[in-house]
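Residue numbers (the numbering used here): 21 to 158.
First up is the structure itself, then whatever we jot down about it.
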């Protein structure tokens, strides 16, 4: 059975790059265009999901950060990932790798500058290398 991953991002380019990467690595993908739809898809599929990848802020002004926190508080044991352009700003990732695990159980961060070019980089918040795909398929 393929791992099921929920991708929440209002930007088609970023979402499609993540979806392509995940599908090429043997995953099934659900896509939501905002945090509200993401929450609904999470609730409908939470026992099947292996991971949730979300943008922090979206055009609808619904926050992916608050959605992933709700998912964390709901007890979701799968992998939680945050993707944002903010990680590409000096110093933001250094602070985020401490804040995001505490606040929302986030295990990986995805910088969007490489993602915009189709390159998916999953950086562990723990600072210790942890292969996302191996963890996803276990």
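The beta carbon of each residue, even a glycine, is placed where N, CA and C say it ideally should be.
Predicted model, so just to flag it, every value in this text is computed and none were measured.
Within its chain, find whatever has a CB closer than 6 Å to the CB of residue i; leave out the 5 residues flanking it on each side and keep chain order.
i, result
"residue 42", "25, 49"
"residue 150", "144"
"residue 140", "41"
Between the options, which lies nearest to residue i when the distance is taken from Cα to Cα?
i, options, result
"residue 64", "96, 140, 136", "96"
"residue 34", "75, 23, 146", "75"
"residue 68", "140, 137, 23", "23"
"residue 66", "54, 21, 94", "94"
Can you give the beta carbon distance from residue i to residue j, rounded, assuming they're within the 8 Å contact cut?
i, j, result
"residue 142", "residue 126", "Actually they do not touch by this definition, with Cβ atoms about 11 Å apart."
"residue 61", "residue 71", "That pair is no contact at about 13 Å."
"residue 30", "residue 78", "4 Å"
"residue 59", "residue 90", "7 Å"
Here's a check: name, in chain order, each residue in its chain whose Cβ is nearer than 8 Å to the Cβ of residue i, leaving out the five neighbours to either side.
i, result
"residue 99", "70, 71, 72, 127, 128, 152, 155, 156"
"residue 124", "85, 88, 89, 91, 92, 100, 102"
Which same chain residues end up closer than 7 Å to residue i when comparing Cβ atoms and leaving out the 5 residues on each side of it in sequence?
i, result
"residue 145", "117, 120, 121, 126, 127, 128, 129"
"residue 138", "37"
"residue 39", "27, 49, 51"
Flag this pair as yes or no: are the beta carbons of residue i and residue j separated by less than 8 Å?
i, j, result
"residue 132", "residue 103", "yes"
"residue 27", "residue 87", "no"
"residue 45", "residue 135", "no"
Any heavy atom of the ligand FAD within a distance shorter than 7 Å of the CB on residue i?
i, result
"residue 61", "The ligand FAD is absent from the structure shown, which contains no ligand whatsoever."
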